[in-house]
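Asks: Quick one: structure below, then a few questions.
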Amino acid sequence: MLIARQNIFLNQTFSNKREIFHFLACHAVSQGWASDAAKIEADFWARENQYSTGFESQIAIPHAKTANVSRAGVIFIRLINPIDWESLDALPVKIVFGLLVPEAGAKVLHLQIINNLASQIVDDEFREKLFSATDEEELFQFMQLRISVQEEA
1 MLIARQNIFL
11 NQTFSNKREI
21 FHFLACHAVS
31 QGWASDAAKI
41 EADFWARENQ
51 YSTGFESQIA
61 IPHAKTANVS
71 RAGVIFIRLI
81 NPIDWESLDA
91 LPVKIVFGLL
101 VPEAGAKVLH
111 LQIINNLASQ
121 IVDDEFREKL
131 FSATDEEELF
141 QFMQLRISVQ
151 EEA
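Residue numbers (full-length UniProt numbering): 1 to 153.
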């Protein structure tokens, strides 16, 4: 499963996208998915500069399909205070799913992750759980049931 318990962070405090991209990049390096956090940050910005990854309902899905990662991963962050993200509905973001996918041979996986998440975040029950889970383990167990994308070996 691409979402692991150690990649779920609840009740975090960040002021802007720059801080979140830095955190996502550093966490990817700490998980062994990448070796250069600065390159990962640049990848997130390159994608974000095409158009905002802020969806609706206070959810953003920043993502990068890049040669700078060796393994796919998803990092979940729930913020204490929402931040501006230039979202489709103009609401500030409180939920962030950071996605990193290796560029080589990952076109299908990248689309599967995005499509699976997008189909879940339109579901009221799923969104409610993202905003209300009381701890990381509870949210992890819920996500295991709802998000079915597996990384190919």
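Beta carbons: idealized from backbone N, C-alpha and C, even for Gly.
As the structure is a computational prediction, the values presented were derived from the model and not from experiment.
Please state the DSSP three-state secondary structure of A64.
Replies: Reduced to three states, the DSSP call for A64 is strand.
Asks: Taking buried to mean at least 16 other C-beta atoms within 10 Å of its own C-beta, is G32 buried or exposed?
Replies: With fewer than 16 Cβ atoms within 10 Å of its Cβ, G32 is classed as exposed.
Asks: Go ahead and label I80 buried or exposed: buried means 16 or more other beta carbons lie within 10 angstroms of its beta carbon, across all protein chains shown.
Replies: Counting Cβ neighbours within 10 Å, I80 comes out exposed, since fewer than 16 surround it.
Asks: From the DSSP output, in three-state form, read off Q12 for me.
Replies: Strand.
Asks: Nearest-angstrom Cα distance between E151 and V101?
Replies: The pLDDT assigned to E151 is 48, lower than 50, so where the model puts this residue is not dependable; a value taken from the coordinates is nonetheless given after this. E151 and V101: Cα-Cα distance of roughly 10 angstroms.
Asks: Would you kindly work out how many angstroms separate the C-alpha atoms of N49 and I83, rounded to a whole number?
Replies: Cα to Cα, the separation comes out at about 17 angstroms.
Asks: Taking the alpha-carbon positions, what's the L99 to A72 distance?
Replies: Approximately 8 angstroms between the Cα atoms of the pair.
Asks: Got a sec, what are the start and stop residues for the alpha helix (DSSP H) R146 sits in?
Replies: From DSSP, the alpha helix (DSSP H) with R146 extends over E136 to R146.
Asks: Whole angstroms are fine: how far does the CA of S30 sit from the CA of E103?
Replies: Going from the Cα of E103 to the Cα of S30 covers about 20 angstroms.
Asks: Given a cut-off of 8 angstroms on the beta-carbon distance, is the pair I20 and V69 in contact?
Replies: For I20 and V69, no; Cβs fall outside 8 angstroms.
Asks: Can you give me the Cβ contacts of A60 inside the same chain, cut-off strictly under 6 angstroms, excluding the 5 residues immediately before and after it?
Replies: Hits under 6 angstroms: T53, G54, W85, V93 and V96.
Asks: How many whole angstroms separate the CB atoms of I147 and N116, which I take to be in contact at a CB cut-off of 8 angstroms?
Replies: Yes, I147 and N116 are in contact; Cβ-Cβ is about 6 angstroms, under 8 angstroms.
Asks: With distances taken between CB atoms, is the gap from E41 to H22 smaller than 8 angstroms?
Replies: Yes.
Asks: Alpha carbon to alpha carbon, how far is A28 from Q6? Give it in angstroms, no decimals.
Replies: When rounded, the distance between both Cα atoms is 11 angstroms.
Asks: Could you please give the first and the last residue of the uninterrupted beta strand (DSSP E) stretch that includes V74?
Replies: First-last of the beta strand (DSSP E) with V74: G73 to I83.
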